[in-house]
Amino acid sequence: MKKTLKTIFKKKGVEKITMLTAYDALFAKLASQADIDIILIGDSVGNTILGYDSTVPVTIDDMVHHTAAVARAKPDSLVLSDVPFGVAHFGFDKILHDCRRLLQEGGAEAVKIEGGKKMAETISKLVSAGIAVMGHIGLEPQQILRLGGYRKFGKTDEERAAILEDAKALEAAGAFALLLEMTDSQTAKLVTESVSIPTIGIGSGADCDGQVLVCADLLGLTERAPSFAKKYANLREEIISAYKAYAGDVKSGKYPENK
Ligand code: KIV
1024 MKKTLKTIFK
1034 KKGVEKITML
1044 TAYDALFAKL
1054 ASQADIDIIL
1064 IGDSVGNTIL
1074 GYDSTVPVTI
1084 DDMVHHTAAV
1094 ARAKPDSLVL
1104 SDVPFGVAHF
1114 GFDKILHDCR
1124 RLLQEGGAEA
1134 VKIEGGKKMA
1144 ETISKLVSAG
1154 IAVMGHIGLE
1164 PQQILRLGGY
1174 RKFGKTDEER
1184 AAILEDAKAL
1194 EAAGAFALLL
1204 EMTDSQTAKL
1214 VTESVSIPTI
1224 GIGSGADCDG
1234 QVLVCADLLG
1244 LTERAPSFAK
1254 KYANLREEII
1264 SAYKAYAGDV
1274 KSGKYPENK
């Protein structure tokens, strides 16, 4: 059955929400068949698929292209697309224009925007325009050049209070859910208990309303996955060994067979 914002919202406090990234139709179909609630076309497409070192170089054209590939799979999962680096800071017309592209050209059903209370006004206006928005707080990977590295957020009282304030501001702005990345687990728990909208965690402990992982990390395709990402398969080794077996068969004349 097709997942909607309503389906996701109703799960808070009742059942955990599952979210996974996908960047193309092949993997979107697999996620949908596994009954994943939300497929995120993350700007992690930059480091996972496009060969960049971070999400910073990813453009709106990249996001529209990969979102459209996912949407063509017609997944039952909610199709959520990331607003890439910089877009949210040009002004409202630019972000409205680019969200419109993600929805109309890409087929996204919702968008995700990094940033806490500083994004609240923009998110409120996007919601008024009919766009479903997930907030993204804690670690904001698009800030990597300023931060100089990835780290956990919300460990100190000051950061905990700031994250809680961000969460409440985004809830008030009309965000339908919050992604909490690399957030201290006690802070993530506090946020989850303090807002009425679902929280989705990554590297933020077990007490969020749902969890998200980058598909390549979960499948064991990434060379260096973050320590919190549980590997549910070892496809990297399986693929390399299948490719080697194929190459061996071609070289030895075992494949193709002369039929
Ligand atoms: O781009 C992405 O994959 C993300 C992760 C935090 C899931 O935003």
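Numbering (our numbering), first residue to last: 1024 to 1282.
Where is the CB? At the ideal position from N, CA and C, for every residue including glycine.
Nothing here was measured: the structure is a model prediction, and the numbers come from that model.
From residue i to residue j, what distance separates their C-alpha atoms?
| i | j | result |
| --- | --- | --- |
| T1082 | L1162 | 20 angstroms |
| R1259 | G1224 | 25 angstroms |
| I1062 | L1103 | 6 angstroms |
| V1218 | I1263 | 45 angstroms |
| E1128 | S1077 | 25 angstroms |
| A1094 | D1085 | 14 angstroms |
| P1080 | G1069 | 7 angstroms |
| C1231 | P1279 | 51 angstroms |
| S1100 | G1074 | 27 angstroms |
| T1145 | E1261 | 45 angstroms |
| E1216 | L1170 | 28 angstroms |
| A1268 | Y1046 | 27 angstroms |
| K1029 | S1275 | 56 angstroms |
| A1265 | E1246 | 18 angstroms |
| L1119 | V1273 | 52 angstroms |
| D1066 | G1226 | 17 angstroms |
| E1181 | K1035 | 27 angstroms |
| R1123 | K1282 | 53 angstroms |
Just to check my reading of the structure: residue i and residue j have Cβ atoms closer than 8 angstroms, yes? What is that Cβ distance to the nearest angstrom?
| i | j | result |
| --- | --- | --- |
| L1241 | K1253 | 7 angstroms |
| A1200 | I1072 | Contact flag wrong, Cβ pair sits at about 24 angstroms. |
| G1158 | L1187 | 13 angstroms between Cβ atoms; not a contact. |
| A1198 | V1235 | The pair is not a contact, with the Cβ atoms about 15 angstroms apart (cut-off 8 angstroms). |
| C1238 | T1027 | So it is not a contact: roughly 22 angstroms between Cβ atoms. |
| I1160 | D1121 | Rounded, the Cβ-Cβ distance is 20 angstroms, inconsistent with contact. |
Compare the C-alpha of residue i against each of the options and name the closest.
| i | options | result |
| --- | --- | --- |
| I1059 | T1041, L1073, S1067, N1070 | T1041 |
| V1087 | S1100, P1107, G1074 | P1107 |
| A1196 | P1164, G1153, V1237 | G1153 |
| Q1165 | Y1269, E1204, L1193 | E1204 |
| G1109 | G1226, S1100, G1138, V1068 | G1138 |
| A1185 | R1169, G1172, V1214 | V1214 |
| V1134 | V1150, K1267, T1222, K1140 | V1150 |
| G1228 | G1172, D1272, A1239, L1202 | L1202 |
| V1037 | G1233, K1026, F1251 | G1233 |
| I1064 | P1098, R1247, K1039, A1057 | P1098 |
| H1112 | R1123, K1141, E1261, S1100 | K1141 |
| K1033 | A1265, G1226, F1251, I1220 | I1220 |
| K1191 | K1117, A1143, G1172, G1226 | A1143 |
| T1206 | R1247, A1265, F1251 | F1251 |
Output needed for residue i: all residues of its chain with C-beta closer than 7 angstroms, excluding positions within five of it in sequence on either side, in chain order.
| i | result |
| --- | --- |
| A1096 | A1048, A1051, K1052, S1055 |
| K1148 | F1115 |
| I1136 | V1106, A1111, M1142, I1146, V1156, G1158, H1159 |
Excluding the five sequence neighbours on either side, which residues of its own chain have a C-beta within less than 6 angstroms of the C-beta of residue i, listed in chain order?
| i | result |
| --- | --- |
| A1131 | T1090, V1102, S1104, L1125 |
| I1167 | S1077 |
| P1249 | none |
| K1039 | G1233 |
| R1183 | G1177, T1210 |
| K1025 | D1099 |
Got a sec? Which residues, its chain only, sit under 8 angstroms from residue i by beta carbon, not counting five neighbours each side?
| i | result |
| --- | --- |
| K1277 | G1271 |
| A1256 | L1241, L1242, G1243 |
Stretch-stretch touch, CB-based, cutoff 8 angstroms, three pairs: the segment 1204 to 1216 with the segment 1169 to 1186:
When C-beta atoms of the segment 1204 to 1216 are compared with those of the segment 1169 to 1186, three or more pairs fall below 8 angstroms, so the two segments count as touching.
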